[in-house]
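Written below as structure tokens is the structure these notes are about.
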Amino acid sequence: MSVGGKRSLLVLAAALLAAHAFGKPANAQAIREDARPSPNISFPESGEVLMQADELSYDKATRVVTASGNVELAYGERVLLADKVSYDETTGIVTAEGNVALLDPQGDVAFADQLVLRNEMRDGVIDTLRVLLSDNSRLAGHSVVRSGGNLTTLHRGVYSPCDICGEKGQTTPLWQIKAFRVVHNKQEKRIVYEDAFMEFFGVPVLYVPYFSHPDPSVKRQSGFLPPTIASSTELGQQLEVPYFWAISPDKDLTLIPRFTTKENIVYQGEYRQRFETGRMKAFATGTWPRTQQANSPSNNDFRGSLFGNGEFDIDENWSWSFRTELATDDTYLRKYDLSGTTDLINNLNATYVDGRNSFTADTYYFRGLLATDSESTTPWVAPVLQYEYAFPDQILDGNVSFSANAMILGRSLGPQSRRVSSTVRWDRRETSANGFVYRFFGSLRGDFYSVEDVPNTAVPGADFEPQTIVRGLPTIGAEWSYPLARSEGGVHQVLEPIVQLISSPNVGNTVEIPNEDSLSFEFDDTNLFSEDRFAGLDRWETGTRANVGLRYSVYTPSGAQANALFGQSYRLEENTSVAAETGLRDETSDYVGRIMVSPSNNLLAVYRFRIDDERFKIRRNEVNLLGRHGPVSAELGYGYYAADQSVTFQEREEVYLGSVVKLDEYWRLFGQTRQDLADHRTVANRVGIGYEDECLDASLMFSQSFYRDRDYEPDSSVMFQVTFKTLGTGSPAGARGFE
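Read in order, the letters of the sequence shown correspond to residues 168 to 906 in this note's numbering.
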């Protein structure tokens, strides 16, 4: 091979790092004729080096090794690229010239025209340096000194994670930090600035004598997070300045004081911790109101809240969890814009899972936050136990399972109940030769209740005597369906008629058992073929009934799909256990159905309905549309629900519209509105504009809420959030959660 040809030299354990000589001369074709190799070249001790170059020479007199032409030198985890590299054996200095690039173990790349390195390439001096950090941010400066492979000091340094677009002659990034002195400490993983200016489009907007932030290798580190600025009619001008404290690798604390002009400081803090067997999170808030309003539900000087949750494994089968939601009064969370919830749920859970068998134990404490909620009538549950067991062997070619439930429920004022319920189920499914699908099933259920303080609906103001109630219910059923499939031109269609027959004694339900877990009852397409449409155990569906429906689905090669369901339920006798408004009381039920159409991945439409079977009056209408076309994404939701006196629901009609419009690669508009059509009022509005690129995320939002509850008044607010990427991640919410 000619002298100018490219050659690779692999020097193992001896080259540049092992202190011994070449055992013999290199191939003469790889060495310039005027600089023959010496058997006495020595190198610093350490590991191994890989070197590749077009040409390699050794000057015996000066003891300098020179590599030129596309030089690549790999030293441990450091890689040096240059047009020319020379190594002085006497001083241990490496000099690189021309298109120099140095890649370090952290993934950072330093660019220079010339650099001088010593001490195994860890120390060096550079006139002008440009560094591409591992997260694609950039650091540049003059008179650069690198020491110990750890500290890089730049004079007149500049840092920015922003790209330069180059549009209309733009030569400066969106934002950058310029400082008289910049120090990158890789051991401490921080970049420190002295006498620093933050610039937007090259214009200085902020000066700080000292400033620092984590380098790209840091995933979490203590420090201030981006602030949030807001203004509202309830709280006035607001400023949140979060501080994130990385206590240790497995725990952290975020302190989020909120300063307001109309109220005192709202103190907020979130603590998170991971354990070997689980995780937990707690978020606490508190304030001392500046004034006590006459209609405030709080009688204390202090108002606050505590939310928390955790999940832990005990062993491969057992686990436990908790959920805590506490507030000093009903309106605190909404008035201070902390949460819109109107129900607080506290739960302690233990769970055992072994294959298809399981056991759960729960306790619950509830609190309603609306003016109509009463703490004395709100129940607590301690405990509720649920056991599920699937027998390993079949009986009569069917699967057999057993379930049991036990519950103790009480309240300060109102019904008390203790319940034990158990059910044995048998289920068999088979397909005939002609394609008919049969399902046969049966169950036997027994309940034991001990109740007291149950209101006697026949005698206003009176209660039933404390009593024990035992009841049982056998149920048998059969289901037939005939899936008719057709494929043509890649289009697959399935039409499936379904007939289900269920029979049990028509014993109905007694008002002497308080209805605690079956209050929410809705007949719709999701439970048309359910054996028992009640959600809980305090009420059951009895009698002989038939459920009939037709299901259709279609799929195309382009990804378009649609499905539909339509059906009705029939009974031999009227169902007096449910209200007429449910659509299931008469011998023929209301019609229920669903239509889902998705012509592409960019459009989804779902329509669900319930129609009166006699007058064909709409009892329930739900429309949901999700779509995306070009830069526009939108969601439309409409719901109409007829009045239902069984659960004290008035007629409801509401529409929701939300949209996001991408104006270009970086800018977006977004907005939402919710309208109560029944009461002809606006529930809430929100509109805003946002910007996001590789180095900045900012949004400005205006929102309105028209809800009123005691000292919680209709409110309008403006919020501004900005995140300088790589300087800290997210708003306070962005710091929450280990997920």
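Positions of the beta carbon are idealized from the N, C-alpha and C atoms, including for glycine.
None of these values were measured; they are calculated from a predicted model.
Return yes when the Cβ of residue j is within less than 8 Å of the Cβ of residue i, no when it is not.
i, j, result
"Arg877", "Ser463", "yes"
"Asn476", "Arg490", "yes"
"Ile669", "Gly703", "no"
"Arg230", "Glu264", "no"
"Gly734", "Gly716", "yes"
"Arg425", "Glu401", "no"
"Gly236", "Asp221", "yes"
"Thr642", "Glu698", "yes"
"Val773", "Asn791", "yes"
"Arg738", "Arg712", "yes"
"Thr421", "Tyr434", "no"
"Phe347", "Asp362", "yes"
"Phe690", "Ser756", "yes"
"Pro383", "Ser465", "no"
"Leu282", "Ile293", "yes"
"Leu824", "Leu793", "no"
"Val232", "Leu248", "no"
"Val822", "Tyr805", "yes"
"Ala397", "Val799", "no"
"Thr339", "Phe368", "yes"
"Gln343", "Val370", "no"
Does residue i have its Cβ less than 8 Å from a Cβ in chain E?
i, result
"Ser872", "The structure shown contains no chain E; it holds only a single protein chain."
If residue i sits next to residue j, beta carbons under 8 Å apart, how far is it from one beta carbon to the other, in whole angstroms?
i, j, result
"Gln583", "Val618", "7 Å"
"Arg786", "Arg795", "Incorrect: roughly 32 Å between the Cβ atoms, too far for contact."
"Leu907", "Leu515", "Beyond the ends of the chain as shown, which are 168 and 906, falls residue 907; an answer cannot be given."
"Leu296", "Ala268", "Rounded, the Cβ-Cβ distance is 11 Å, inconsistent with contact."
"Asp864", "Lys892", "7 Å"
"Val587", "Phe569", "In fact, because the Cβ distance is near 14 Å, the residues do not count as touching under 8 Å."
"Thr544", "Arg585", "Rounded, the Cβ-Cβ distance is 18 Å, inconsistent with contact."
"Asp540", "Asn566", "Incorrect: roughly 43 Å between the Cβ atoms, too far for contact."
"Ser389", "Trp412", "5 Å"
Can you tell me whether residue i is buried or exposed? The criterion is at least 16 other CB atoms within 10 Å of its CB, across all chains shown.
i, result
"Gly760", "buried"
"Glu708", "buried"
"Pro328", "buried"
"Met403", "For clarity, residue 403 is Gly in the given sequence; the question names Met instead. So Gly403 counts as exposed."
"Lys502", "buried"
"Pro409", "buried"
"Tyr360", "buried"
"Ser872", "buried"
"His351", "buried"
"Glu161", "Nothing in the structure corresponds to residue 161, since the chain is present only between 168 and 906."
"Leu894", "buried"
"Leu844", "exposed"
"Lys784", "exposed"
"Leu500", "buried"
"Tyr808", "buried"
"Gly291", "buried"
"Thr890", "buried"
"Phe210", "With a pLDDT of only 39 at Phe210, under 50, the local geometry of the prediction cannot be trusted, and no value is derived from it."
"Val626", "exposed"
"Leu392", "buried"
"Gln459", "exposed"
"Val678", "exposed"
"Gly653", "Just to set this straight, residue 653 is Arg in the shown sequence, not Gly. When all chains shown are included, Arg653 counts as exposed."
"Gln273", "exposed"
"Pro681", "buried"
"Leu536", "buried"
"Ala279", "buried"
"Glu930", "Outside the modelled stretch of the chain, which goes from 168 to 906, sits residue 930, for which no answer is possible."
Under 7 Å from any heavy atom of the ligand FAD, does the C-beta of residue i make it?
i, result
"Arg425", "The ligand FAD is not among the ligands present in this structure, which contains no ligands whatsoever."
Hey, which unbroken runs of the beta strand (DSSP E) at 3 residues or more fall wholly within the segment 618-665?
Here the runs fully enclosed are 634-648 and 651-655.
Count the C-beta pairs between the segment 300-314 and the segment 834-841 that are closer than 8 Å, then say yes if the count reaches three, no if not.
Flag = no, the segment 300-314 and the segment 834-841 do not touch.
Runs of 3 residues minimum, wholly inside the segment 494-554: which ones carry the beta strand (DSSP E) assignment?
DSSP runs (the beta strand (DSSP E)) wholly in the segment 494-554: 510-521 and 524-535.
Examine the Cβ distances between the segment 600-611 and the segment 644-656 and report whether three or more of them are shorter than 8 Å.
Contact holds: three or more Cβ-Cβ distances are below 8 Å.
For a minimum of 3 consecutive residues, which ranges assigned as the beta strand (DSSP E) are wholly contained in the segment 387-474?
The segment 387-474 contains these whole beta strand (DSSP E) runs: 395-399, 403-407, 410-415, 418-422, 425-427, 434-442 and 445-454.
Quick one: complete alpha helix (DSSP H) runs, 4+ long, within the segment 558-590?
With a minimum length of 4 residues, no continuous alpha helix (DSSP H) run stays inside the segment 558-590.
Going along the chain, which unbroken runs of the beta strand (DSSP E) with 3 or more residues stay wholly within the segment 840-865?
Every unbroken stretch of the beta strand (DSSP E) spanning 3 or more residues and falling wholly within the segment 840-865 is given here in chain order: 848-859.
For the segment 252-298, which segments carrying the beta strand (DSSP E) assignment without a break, of at least 3 residues, lie completely within its bounds, in sequence order?
Counting only runs of 3 or more, we get 260-270 and 276-285.
Three or more beta-carbon pairs under 8 Å between the segment 477-486 and the segment 437-457, yes or no?
Counting C-beta pairs with one atom in each stretch, the segment 477-486 and the segment 437-457 have three or more that are closer than 8 Å, which means they touch.
Taking three-plus beta-carbon pairs below 8 Å as touching, is the segment 654-663 in contact with the segment 673-688?
Short answer: they don't touch.
Which full runs of the beta strand (DSSP E) of 3+ residues lie inside the segment 719-753, going along the chain?
As far as the segment 719-753 is concerned, its whole beta strand (DSSP E) runs of at least 3 residues are 728-738.
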